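All residue numbers in the sequence shown are consecutive under our numbering, ending with 250.
Glycine included, C-beta positions come from ideal geometry on N, C-alpha and C.
Computed from a predicted structure; not experimentally measured.
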Amino acid sequence: MTVSVWKTTTMIESIKVNLILKDNPGTSFPPASKAILWIAIKGWQTSLWKTVDKIRVTHRIIHNVLTTNVCSRHSLLHTDGFVGSNGTKEADGMSLTGDDVRYMREAMEEAKKAESLREVPIGAVIVKDGEIIGRGHNLRETMRDPTAHAEILAIRQASEHLNAWRLLGCTLYVTLEPCPMCAGAILQSRIARVVYGTDDPKAGCAGTLMNLLQDGRFNHRTEVASGVLREECAELLTGFFRALRNRS
Ligand SMILES: [Zn+2]
């Protein structure tokens, strides 16, 4: 078993998956004895390669990428104990971790608090050194404040906790891709890493409409990972709007 990861990126779920059979190009999956899984990632060319030599494993990688959008390296490390050739840690530190799912669940809990107030269910948490230091959920209606987005409220709480405006070494988890305002606040607060659940085709500024978080012209850039618990985060929103339609 060989699993090689040359490079990983944060935009893991902007997916195009091509399976190239190394020994037998042109034949289709699954009869591969040896295959290269190529994941082309938005904004990047070739970002993640895995060489695998078992159909079962190849299938698992594809399954994970396509259905859960959890980094296949992560799933490999945590299913059958397969370990990447470069060990358990990525050199560039940009891949997903097991904690990402755990903290995204915390962000979802925040989103549910918003929902219980009849607010659009979006939630965020900020984590530093394994500790949640900021929480927030959308309170736009309750506070009658267009800036009361989950991320902004979580950033304020984290800044208060650290008694500093720089949130160095912090990761922000949010159920929905940040809007331009929140992306701006993320840059201003120097957050190191952003993990979001589902894309926002109407306002997403972490890669969907534009990518404010990784624009080299700004003085700060964050790592971005997307697609963590994507289906569940999206379902929170679709369920909310479905219920709203049914009420009216
Ligand atoms: Zn926002």
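Check: residue i C-beta below 7 Å from any heavy atom of ligand 1
| i | result |
| --- | --- |
| P180 | yes |
| M106 | no |
| H163 | no |
| V153 | It should be noted that the sequence gives Glu, not Val, for residue 153. E153: yes, Cβ under 7 Å from ligand 1. |
| C235 | no |
| C184 | yes |
Residues of its chain near residue i, where Cβ-Cβ distance is below 8 Å and the 5 sequence neighbours each way are ignored
| i | result |
| --- | --- |
| I135 | I128, V129, Q159, A160, H163, L164, C172 |
| E117 | P123, L238, F242 |
| I193 | I128, I157, L169, C172, T173, L174, T224 |
Cutoff 8 Å: residue i Cβ touching any chain C Cβ
| i | result |
| --- | --- |
| V197 | Considering every chain present, this structure includes no chain C. It has just one protein chain. |
Candidates the options, of which the one nearest residue i by Cα
| i | options | result |
| --- | --- | --- |
| D202 | Y175, A236, A166, T224 | A236 |
| R219 | V230, E133, D147, L189 | L189 |
| G209 | R247, N221, A185, K114 | A185 |
| E153 | T144, G199, L174 | L174 |
| T224 | A187, R137, R244, L211 | A187 |
| E111 | D102, V103, G125, D101 | G125 |
| R142 | E133, G100, L119 | L119 |
| K114 | D131, G132, H139 | H139 |
| E233 | T144, G132, L178 | L178 |
| L155 | R137, N221, M145 | R137 |
| D147 | D131, E121, A166, E133 | E121 |
Cβ shell of residue i (< 7 Å), same chain only, five flanking positions each side left out
| i | result |
| --- | --- |
| R249 | none |
| T149 | M183 |
| T240 | none |
Sequence-distant residues of its chain with Cβ nearer than 6 Å to residue i (five each side left out)
| i | result |
| --- | --- |
| P182 | C207 |
| N213 | none |
| R247 | none |
| D101 | none |
| L231 | M106, G199 |
| V197 | D102, Y175, A227, V230 |
| A245 | none |
| A205 | C181 |
| S191 | I157, L169 |
Could you tell me which uninterrupted beta strand (DSSP E) segments, each at least 3 residues in length, are contained entirely in the region 167 to 222, listed from first to last along the chain?
-> Correct list: 172 to 178, 195 to 200.
Which runs of the beta strand (DSSP E) spanning at least 3 residues fall entirely within the region 119 to 172, listed in chain order?
-> Within the region 119 to 172, complete beta strand (DSSP E) segments of at least 3 residues are found at 125 to 130, 133 to 139, given in chain order.
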